[in-house]
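Residue numbers (our numbering), protein chains in the order written: chain B, 1290 to 2073; chain A, 31 to 190; chain P, 37 to 325. Glycine included, C-beta positions come from ideal geometry on N, C-alpha and C. Bear in mind the structure is a predicted one, so any value in this text is a computation, not a measurement. To start, the structure itself, in structure tokens.
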Amino acid sequence: MGSKLFGARVTRLEDPSLLTGRGRYVDDVKTAGMLHACFARSSLAHARINAIDVSAAAALRGVHAVLTALDLPRAMRKARMPMLVPNPSIATSLTQHCLAQDEVCYVGQPLAVVIADSRHIAEDAALLVDVDYEMLPAVSDCRDAVKSSDALAHLTLDNNIAATFRLECGNVEEVFSSAPHVFSEQIWQHRGGGMALETRAVVAVLDRAIGQLTVWSSTQTPHIARRMLADLLDRDLESIRLIAPDVGGGFGPKAIFYAEEAVIPAAALKLGRPIKWVEDRREHFMCATQERDQYWNVSIAVDGEAKILGVRGTLLHDTGAFLPWGIIMPYIAAATVPGPYVVPNYALDTTVALTNKVATTPVRGAGRPQAVFAMERLMDRVAHELHIDPAEVRSRNFVQPAQMPYSVGLTFRDGKPLIYDSGNYPLVQETALELADYADFKERKAAAREDGRFRGIGIANYVEGTGLGPYEGVTVRVLPNGKVSVATGATTQGQGTRTTLSQIVAESVGCRIEDVQVVAGDTGAIAQGVGAFASRQAVNAGSSASVAGKTVRTQIVKLAARFLGVTEDEIDLDDGVAIAKSGNRQSMTFGELARLAQGMPGFAMAPDQTPGLESTAYFTPSQASYCSGTHVAEVEVDAMTGAVKIVNYVVSHDSGTIINPLIVDGQVQGGVAHGIGNALFEWMKYDENAQPVTTTFADYLLPVATDVPTCKIVHVESPSPLNPLGVKGAGEGGTIPAAAAIVSAIEDALSEFGVHFTETPLVPERIVDVLREAGAYEVLEEMT
Amino acid sequence: MKREVSITVNGREYRREVEPRLTLADFLRHDLDLTGTHVGCEHGVCGACTVLVNGRSARSCLLFAVQAEGNEIATVEGLSVDGDLNALQCAFRDNHGLQCGFCTSGILMTLTELLRDNPDPTEEQVREVLTGNLCRCTGYAGIVASALDAAHHLRKESGY
Amino acid sequence: MKPAPFEYHAPRTIAEATGLLAELENAKILAGGQSLVPMLNFRYISVDHLIDIAKVEGLSGIAVANGKMRVGAMTRQRELEFSLDVANYCPLLTEALRYVGHRQTRNWGTIGGSLAHADPAAEQPTVCAACDAVVEIVSKRGSRRVAFKEFGVGFMTTTVQPDELIVTIEFPLWPPGHGFSFQEFERRHGDFAIAGAASLVEVGPDRTVRRASVALCGVANTPVRVGEAEDMLVGKELSAITARAAARTTNSVEPLSDVHASANYRRHLAEVLTFRSLRAAAARCGSPF
């Protein structure tokens, strides 16, 4: 029997091709006669469009067409992008037009597209598109947006509130009025983005001979994109094939269906030529969706022993100019606050405000990092005020393993009651603290302080709903040459989907992993699909692969038994060969069996046999499966400059059964890097006219190799009872509590000055300002 | 006005006519179909476009093809030996040094220069050199482990 | 982000280069390109002609003689970084170069290009200011020598005229054993300086300061020589108290505010970094405190 694959550190099948420069990203796709596109975009955050004059642009040599909304197919002219995930709390479900016609609502909103011989010429021409704007007041800060004022983000609305909703359980009023201790915090979390290294890109090619439109897009959700496109172009779904080839990072923003993904195919149809559009980095900064600006006002009520009696507050969320994914993010944030703690009474009132900035949608963590930041700051506050160790405060409030499945009392974003299916939060935290040498920290802190260095430690816990539905299908098929083909609606942007599915299928079917060929992200390969977001693919596609693989295994065994003349329980499958255990140990290869399964022309099939060795499974989860984790960050702060160095970072991580530890560790480490960015570096700034100010990698700071330590990761596996593999999602856990742990550690490092931090990113200048206000520099004179 | 250039890439000479404003990155990717070099920012920060010019790492988005006239360029496509992964590439596969692969080509070229100039780098030195390349997927740990592993193997091979 | 179209020229001699500069309109010198090309790609500027001086003879090299170090304008930062001569005779420059960009940019960037670009946060101009370097500039009209304190005239503007070319930077040398330090605050390794402080000290056997030079980057349009700090140090013993007092004189700078940092923060950093710079310089010349 071949070595066990499930759970093994199998090196990735994707790697040889990517390492030799043979990856195929959208910009690597070339066809004959290809033209190149560049969008003309709004330079103002809010304006009425009086006229768009494309004549100068169209006259430039090498330009084939300049299209505005009026040149789009009738159905697309006035159409708005579809909104995924509607919700009754949404008052105005505004989404973007394909190309702006009357009004632009954020800097970068597309209003025309130039098609030319080269991207160079297209850019030259785009600058010549002359727009007659009537500038309107722009709403920049979401706090201003909700005050009744003259500035409206949209002319079509009479206020800037897209939605309000309340999540609650128990009775907070009663509890807060009688609680021994109530502590409040104001928390600010600034804008940031996913910032994949590969920008967005679309190639559209029409094959007139067969009436097929093929679109390549750097997307996380090709099946969803295809459905959107079919509606907008008014074409049969089957006449469109949408392919997400190699994608250079997703992280959330590439799950959105963008106007450009509709306009480029429309232009290709109109011009009858293949068209390529590759976004540049500056466009990405302006137009790819982002996350946050969130302002929280939260309070916690506890008894004398630090037991939580209730949590309540308000959340103001900046959704930008549109809501392509409804209110998913603030909703998830509101539902995530209780985390691993027993919170018997809870109420959060959320207001979702419209501003004249690009829309905010889920980015790695999808609102959970913000919720965890709020809750963990409250827990630290309790610890500080009641003089109890922060780990102890958390311990006293954990949901215990014996309480699983545990009902939080809220409804989750999947419409189901929020019920944690499994988990051992005390064990996860204990494991983290041990690995972090938490017990000895006070000594380390004192030793550093003697040396003039300020060291601090911070803890943060989270619970994360993963593996969301509705489904992700897998077709497993044995080919006549013995290879096993796997087609899935799951997609890949670096998380090793091909490898993990190959591991599962090879083990469940009984073939070698080298013989498995995975096609992912291609609507031509499997009929129904959803895509990558919310850490859902290992659960859904993994489970489907297991179910389909096992079905195919049964078919192989049955057929082999018939042809080898033995009973089914006498058949062994090993490395792609079916062997009869008794007699001469006769065998047949999977390839031979596949040929037999095709049947013979003119002959009837055997009574209980279906053609081929194949099976398609669509695992549909009943609800989310809940991961959890504890992060412990140890930092040193240069009190004179505010510089922060992370000296140690521990992750205790429960994402259920692990398919490939190499890949899961990579996801955790990569997730922590995002978290460090959120905590210390990433701040998408806009001025008071809602003009983006940080639009280069020199201004918007991503963590570099000297900023991200190698994490110490330990896995605690609480298998999920909700799917056949026991897996849970692993893509976002690294990010979710990171900012909370790091800011907590910074505050601890500077505790002798009594400073308090409640914002992200926490930048050196801010640390210096707060220290100065606290009088630290009078004391520190001696040290410098 | 177009100019004729002669540029050697991975040991092979190419003659083409190019516009002065065509960057070396775009020349490699679109004129020569060597799409292994990637473009992430076009303003010289992310390092995805890193190639070697006369053995020295360079941001090919900040060089014009006309500047490369008469020079020798090395790209990721030139690293493998007879179609097999070289020691550095093997180390990346063994140590999970890549996820989406978009930054990888540039990082491989940066590390090729480093390990040639400094066969026994410390972790600190590896991280410092890597600050010129952004990665959004891996959190750098796998990349650093790959670099140190490759350095170790290369030293063994050459009896260092 | 493709640049607007331009014509490309690759002269082989200084005379050819200055000839082109004199005759062409809207032309710019392309040296290392690490600062210029991003600006072209963003279309922050556009040129009709790029004059690539990479192949011009006689523009790069390091030569030490008669108490001076002469550096050709096209000398790549990488060459300076690893030069034993620079490390021996002008170690402040060696230390400053560790903060300049990344390996890939130092392979191509040049000292002349950095001076011509004149970013307020740039390290090389700050070293030139600290050392009282002299810049030699040529054109068809002739040549001239400019003391560095006259070199920068405004925000990213130098005295170099559109038809002129920087050819050499001459550093007067400080005596062997002098104290030096370049300290910078950057958000991430290799980023632009938020603020930086360069110091040079010459200390007598009685530990009194004979000579001091303190220059700051990132706190004004051009590098700032802090004369007040220098005056305060000369004739005194180099100690924590005198260093702190000298550092405090930097409070009079009026830095810029931008997306990265406020004026206040830069001023704060200027004081901290000046102190740290003096402390490191003192240790290096045998007078640690």
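- Taking C-alpha positions only, G1296(B) is separated from G1872(B) by approximately 34 Å.
- Cβ-Cβ separation between A256(P) and E290(P): approximately 7 Å, consistent with a contact (criterion under 8 Å).
- Nearest to Q1398(B) by alpha-carbon distance, out of F1908(B), V1647(B) and D1811(B), is V1647(B).
- Within chain P, the C-beta atoms nearer than 7 Å to that of H1409(B) come from K38, in chain order.
- Listed in chain order, the non-local C-beta contacts of Q1792(B) below 8 Å within the same chain comprise L1294, F1295, A1297, V1299, I1802, I1948 and N1949, local neighbours out to five positions each way being set aside.
- Identification of residues in the segment 54-71 of chain P having a C-beta nearer than 8 Å to some C-beta of chain A yields L66, G69 and Q70, given in sequence order.
- Closer than 8 Å at the C-beta level to chain B, one finds these residues of the segment 168-179 of chain A: T168, G169, Y170, A171, G172, I173, V174 and A175.
- Across the structure, V48(A) and G1561(B) are spaced so that their CA atoms are roughly 28 Å apart.
- Taking C-beta atoms under 8 Å as the contact rule, T2049(B) and Q1478(B) qualify, at a distance of about 5 Å.
- If you draw a 10 Å sphere on the C-beta of K1772(B), you find 16 or more other C-beta atoms in it, and that means buried.
- Nearest neighbour of R177(P) by Cα position, chosen from K185(P), A123(P), P198(P) and I147(P), turns out to be P198(P).
- In the three-state DSSP reduction, R1801(B) falls in the coil class, being neither helix nor strand.
- DSSP, reduced to helix, strand and coil, places R1369(B) within a strand of the structure shown.
- Assignment of beta-bridge partners to Q1478(B) by DSSP yields Q1583(B) and T2049(B).
- For P1694(B), the three-state secondary structure derived from DSSP is coil.
- For T1840(B), same chain residues with a beta-carbon under 6 Å away, outside a window of 5 residues either side, are S1904 in chain order.
- Remark: three or more beta-carbon pairs, one from each stretch, lie closer than 8 Å, so the segment 1765-1780 of chain B and the segment 1794-1814 of chain B are flagged as touching.
- Taking 8 Å as the cut-off, the Cβ atoms of F57(A) and L1486(B) do not count as close.
- Counting C-beta atoms within 10 angstroms of its own C-beta, S1911(B) has fewer than 16 neighbours from the protein chains shown and is therefore classed as exposed.
- Shown here, Y1760(B) sits in coil according to DSSP, grouped into three states, outside any helix or strand.
- Rounded to whole angstroms, P2053(B) and I1677(B) show a C-alpha spacing of 28 Å.
- Cα atoms of A1867(B) and I1860(B): separation of roughly 6 Å, rounded to the nearest angstrom.
- According to the DSSP assignment, D1988(B) belongs to no alpha helix (DSSP H), since it is labelled neither H nor E.
- For A1814(B), the CB contacts under 6 Å within the same chain, skipping 5 residues up- and downstream, are A1776 and V1808 in chain order.
- Taking H214(P) as the centre and dropping the five residues before and after it, the same chain places the C-beta of L236, V237, E238 and C321 closer than 7 Å to its C-beta, in chain order.
- Here DSSP, grouped into helix, strand and coil, assigns N1937(B) to strand.
- Under the Cβ distance rule, D1413(B) counts among the residues neighbouring chain P, one pair being separated by less than 8 Å.
- Excluding its 5 nearest sequence neighbours in each direction, T258(P) has C-beta neighbours in its own chain below 6 Å: G188, listed in chain order.
- Cβ-Cβ distances below 7 Å link G190(P) to N257 in the same chain, with the five nearest sequence neighbours on each side left out; the list follows chain order.
- Taking the Cα of S1832(B) as reference, the smallest distance to any Cα among K2017(B), R1432(B) and G1704(B) is reached at K2017(B).
- Looking from the CA of N1460(B), the closest CA among H1942(B), G1599(B), L1604(B) and V1494(B) belongs to G1599(B).
- The way I'd put it, the segment 1877-1889 of chain B doesn't touch the segment 1721-1729 of chain B; fewer than three beta-carbon pairs between them come closer than 8 Å.
- Taking V100(P) as the centre and dropping the five residues before and after it, the same chain places the C-beta of D121 and Y125 closer than 6 Å to its C-beta, in chain order.
- Taken through DSSP and simplified to helix, strand or coil, D1535(B) comes out as coil.
- Closest by C-alpha distance to L1951(B), out of H126(A), K186(A) and L93(A), is H126(A).
- Only R1298, T1300, R1301, E1303, D1304, P1305, S1306, L1307, L1308, T1309, G1310, R1311 and G1312 from the segment 1294-1312 of chain B bring a Cβ to less than 9 Å from some Cβ of chain A.
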